[in-house]
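Working notes, structure below.
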Amino acid sequence: MKPNAIEEHLKTLSLHRIAEIYIEEAENAAKAKRSFQDYLLRLLEAQVINKTERSVNRKMQVAAFPHLKRLEEFDFSYQPKINEKLIRELASLEFLQAAKNILFIGPPGVGKTHLAISIGIKACQAGKRVIFYSAEKLTDELAAAEVSGMLNKKLDTLLRLDLLIIDELGYLSLSNQTAKLFFQLISKRYEKGSVIVTTNKPFEQWGEIFNDDVVAAAVLDRLLHHSYPFYINGKSYRLKNIENLKS
Ligand code: ADP
Ligand code: MG
């Protein structure tokens, strides 16, 4: 056997995982008296798993989650008003096919961002294109794109995503110009692609975010039409340890 020739072919074909394991797997196969087909199958399976992992990792990098918060780490017993069953259903990602939206509304620390990220991670794992934005970064980028004459290109990029996550809408109010850009984005994605929004502001106060009741109503109308709103008004998880110290 000429291992160098094998390794060269594997390199040409970018079968790097097989290159790493084929010698060890051959020894194992000989010991266990596995068939040639079985050996080949094991190598191919390892390569396929590796390819999927790399693709998910790339998707996760592009998504740019600020932290990796998983659904498995979310303690539903701490936030009993959240409909756990519905969250788990949403994590199966059917809402993406129907281009439905999810809204998490509530005060700081109740897990809005955690839940948004955890559904985003599930989407990446399913091979979907996801990006996580803070509302501030998103509107800054839209405004910058408009100034440089690249708005349509930017909107097209955002339209191609399977899931757009917009975090912390309402912490800062938008200028008239960015409010209109935000509306343009939401109306373009309307019924085409899903959005997850987290916000600390109840809908009645969205006029303050957009500095304009009409724009706020138009954005809300499109976001809410096919949507799953979650109103979370429980205790802040950030204060959990303080509570434990007191008791
Ligand atoms: P919000 O976005 O509502 O302000 P976060 O999602 O950022 O809150 O939650 C604050 C912190 O508490 C994060 O570290 C998050 O992972 C954690 N957290 C919040 N709620 C829960 C929960 N029910 N179970 C586990 N961790 C939680
Ligand atoms: Mg948050």
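Residue numbering for the sequence shown follows this note's numbering, starting at 265 and increasing by one per position. Here a beta-carbon is modelled for each residue, glycine too, at the ideal position from N, C-alpha and C. Computed from a prediction, not measured in an experiment: that's the story for all the values here.
Rounded distance between the beta-carbons of residue j and residue i, thought under 8 Å
i: S437; j: N475; result: 6 Å
i: V394; j: L427; result: 5 Å
i: S382; j: F340; result: Not a contact, Cβ separation roughly 12 Å.
i: L307; j: I285; result: 7 Å
i: S458; j: A328; result: So it is not a contact: roughly 17 Å between Cβ atoms.
i: P493; j: F396; result: With a Cβ gap of about 20 Å, P493 and F396 do not count as contacting.
DSSP state of residue i mapped onto helix, strand, coil
i: S299; result: coil
i: S451; result: helix
i: D431; result: strand
i: S341; result: helix
i: L438; result: coil
i: F329; result: coil
i: I285; result: helix
i: V374; result: coil
i: S398; result: strand
i: K392; result: coil
i: N347; result: coil
i: G498; result: coil
i: R306; result: helix
i: R322; result: helix
i: R352; result: helix
i: L279; result: coil
Nearest candidate by alpha-carbon position, reference residue i, set the options
i: H490; options: S500, V478, I460, F447; result: I460
i: K392; options: E358, L419, G413, T403; result: E358
i: E289; options: S278, D302, L279, L277; result: D302
i: Q448; options: T462, L423, G434; result: L423
i: L335; options: K417, G384, A409, T421; result: G384
i: T463; options: A310, L307, A399; result: A399
i: D431; options: K376, G457, F467, K499; result: K376
i: L445; options: E405, A355, Y454; result: E405
i: L402; options: Q361, L488, T442; result: T442
i: F467; options: Y501, L304, A380, F368; result: F368
i: N440; options: D477, T421, I351; result: D477
i: R453; options: T316, W470, A355, L488; result: L488
Per DSSP, the bridge partner or partners of residue i
i: I460; result: I366, I429
i: P493; result: L367
i: F474; result: DSSP lists no partner for F474.
i: F467; result: Answer is none; F467 lacks a bridge partner.
i: S412; result: DSSP, once it has assigned bridges, lists no residue as partnering S412.
i: V312; result: Beta-bridge pairing links V312 to no other residue.
- Item | Residues passing the C-beta test against ligand 1 heavy atoms, cut-off 5 Å | Cβ-based neighbours of ligand 1 within the cut-off: K333, F338, D339, Y342, Q343, P372, G373, V374, G375, K376, T377, H378, Y501.
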